[in-house]
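Just below is one structure, and these are the notes that go with it.
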Amino acid sequence: MVIAVLWAALLITAVPEQFQSQTVSAQDAAEPAGATGGIVDASDIQSVMNDEPIQQPGSDQPSGIDLLSLIARGGRFMIPIGLMSMLVVTLSVERTLSLRTEKILPRSLVNQISDLAATHETFPPSTAQEICVENPSPAARVISAMLMRTGQPLGDIERTASDALQREADRYAGPVRWLTLAAAATPLMGLLGTVWGMIVAFHESSTLTADRSRSEQLSEGIYTALVTTLAGLAVAIPAAILAQYLENRIAKLFHRIEEMAFTIAPGLVRFVGRSRMDAEGQLRPLDNGAPPPMAIHSPPPVTTS
Numbered sequence: 001m002v003i004a005v006l007w008a009a010l011l012i013t014a015v016p017e018q019f020q021s022q023t024v025s026a027q028d029a030a031e032p033a034g035a036t037g038g039i040v041d042a043s044d045i046q047s048v049m050n051d052e053p054i055q056q057p058g059s060d061q062p063s064g065i066d067l068l069s070l071i072a073r074g075g076r077f078m079i080p081i082g083l084m085s086m087l088v089v090t091l092s093v094e095r096t097l098s099l100r101t102e103k104i105l106p107r108s109l110v111n112q113i114s115d116l117a118a119t120h121e122t123f124p125p126s127t128a129q130e131i132c133v134e135n136p137s138p139a140a141r142v143i144s145a146m147l148m149r150t151g152q153p154l155g156d157i158e159r160t161a162s163d164a165l166q167r168e169a170d171r172y173a174g175p176v177r178w179l180t181l182a183a184a185a186t187p188l189m190g191l192l193g194t195v196w197g198m199i200v201a202f203h204e205s206s207t208l209t210a211d212r213s214r215s216e217q218l219s220e221g222i223y224t225a226l227v228t229t230l231a232g233l234a235v236a237i238p239a240a241i242l243a244q245y246l247e248n249r250i251a252k253l254f255h256r257i258e259e260m261a262f263t264i265a266p267g268l269v270r271f272v273g274r275s276r277m278d279a280e281g282q283l284r285p286l287d288n289g290a291p292p293p294m295a296i297h298s299p300p301p302v303t304t305s
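Counting from 1, position 60 in the sequence shown corresponds to residue 60 in the UniProt record's numbering; the numbering is continuous, with no gaps.
Written as structure tokens, this is what we have:
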């Protein structure tokens, strides 16, 4: 039985194209004039046998998706998403330029302070303060806050450096939080537009006209509704990536500032309780009568006669 079915299938597929054309022509001649529809060509028979869609004469090919038409279909919910996209682009460019290494940690400041801090016994706070004034930057402000505490206990100096470092980091991380907000809020805006579009689509499908089908109405409404979700995700995904990148960059740069600041701190120990720095960046002796730190000299050798 199976073999007979296979032979029948082979005979059907082996029918000459000319014979199929003649058969179709005879069927067309038997149909009344003016009748439309049905299979009109041997290629249509072959497409039916291969489960392929029949291309009707004069039918248009499906058009591609145009970005401008998608934006227009999104409706008024695309306006806040567009504003969020402008905010993301502006903040990304501004923060990327602001977080350059040369603006946070100037090379001249790092080199000169590192040279001064090479020997803690001879570290000059006044000279370091002048270098910070000549190189205005977040690193210079943190080190300057430390130097202004010269003469106080080392714990107070390190705590001052940590507080100044945290203030500078918060000042630079503030705009990045708007990127995080955009990454979280923009998909919700797109979802709101999608939900509203679905409501409108189902509402309109309940009041159909005679020339439209329910499936056609729903498919068009859902297509329009999903545009806002696509737009929201297209803005939120780059915003989340950029926010994470900028946060990591801030943490890395200010960690380097912290390392440099705590390298300087031991050089201020010898001034504790003896000297202080005034507003002009000059060391002044304290009023407790203790002499300022002197250079350490080795005692002369003892000679015996």
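Cβ coordinates follow ideal geometry from the N, Cα and C atoms, glycine included.
Computed from a predicted structure; not experimentally measured.
Range of the contiguous alpha helix (DSSP H) that encloses residue i
i: residue 206; result: Neither: residue 206 is in no alpha helix (DSSP H) and is coded neither H nor E.
i: residue 76; result: Premise fails: residue 76 is in no alpha helix (DSSP H) and is neither H nor E.
Contacting residues, own chain, Cβ-Cβ under 8 Å from residue i (five flanking each side not counted)
i: residue 178; result: 87 and 91
i: residue 106; result: 135, 137, 139 and 140
i: residue 272; result: 151, 152, 153 and 154
i: residue 99; result: 172, 246, 249, 250 and 253
i: residue 124; result: 116
i: residue 203; result: none
Short Cβ contact (7 Å threshold) for residue i with residue j
i: residue 228; j: residue 180; result: no
i: residue 128; j: residue 109; result: no
i: residue 149; j: residue 143; result: no
i: residue 241; j: residue 172; result: no
i: residue 269; j: residue 154; result: yes
i: residue 239; j: residue 183; result: yes
i: residue 225; j: residue 187; result: no
i: residue 205; j: residue 218; result: yes
i: residue 104; j: residue 230; result: no
i: residue 234; j: residue 221; result: no
Span of the beta strand (DSSP E), counted from its first residue to its last, around residue i
i: residue 284; result: 283-285
i: residue 276; result: 275-277
Own chain, CB closer than 6 Å to residue i, minus 5 neighbours either side, in chain order
i: residue 189; result: 80, 81 and 232
i: residue 258; result: 165
i: residue 246; result: 95 and 176
i: residue 145; result: 160 and 164
i: residue 120; result: 266 and 267
i: residue 35; result: Here the model assigns residue 35 a pLDDT of 43, short of 50, so the residue's position is not dependable, and the following value carries that caveat. If we look at residue 35 and ignore the five residues flanking it on each side, it has no Cβ neighbours.
i: residue 97; result: none
i: residue 295; result: Because the pLDDT at residue 295 is just 43, under 50, the model does not fix this residue reliably, and the value given afterwards should be weighed accordingly. Correct list: empty, nothing qualifies.
Proximity winner among the options, relative to residue i (alpha-carbon distances)
i: residue 278; options: 201, 224, 119 and 152; result: 152
i: residue 112; options: 264, 276 and 202; result: 264
i: residue 168; options: 139, 272 and 183; result: 139
i: residue 283; options: 222, 126 and 219; result: 126
i: residue 114; options: 260, 266, 174 and 202; result: 260
i: residue 262; options: 244, 196 and 162; result: 162
i: residue 198; options: 223, 170, 131 and 89; result: 223
i: residue 89; options: 243, 276 and 122; result: 243
Same chain, Cβ closer than 7 Å to residue i, five either side skipped, listed in chain order
i: residue 192; result: 77
i: residue 85; result: 235
i: residue 256; result: 105
i: residue 131; result: 109, 112 and 113
i: residue 60; result: Its pLDDT being 49, under 50, residue 60 is placed unreliably in this model, and the coordinates cannot settle the point.
Residue-chain proximity (residue i, chain B), Cβ-Cβ < 7 Å
i: residue 192; result: In the displayed structure, chain B is absent; only one protein chain is listed.
Please go through the region 101-181 and give each complete alpha helix (DSSP H) segment of 4 or more residues, from N-terminal end onward.
Fully enclosed alpha helix (DSSP H) runs of 4 or longer: 101-104, 107-116, 125-134 and 138-147.
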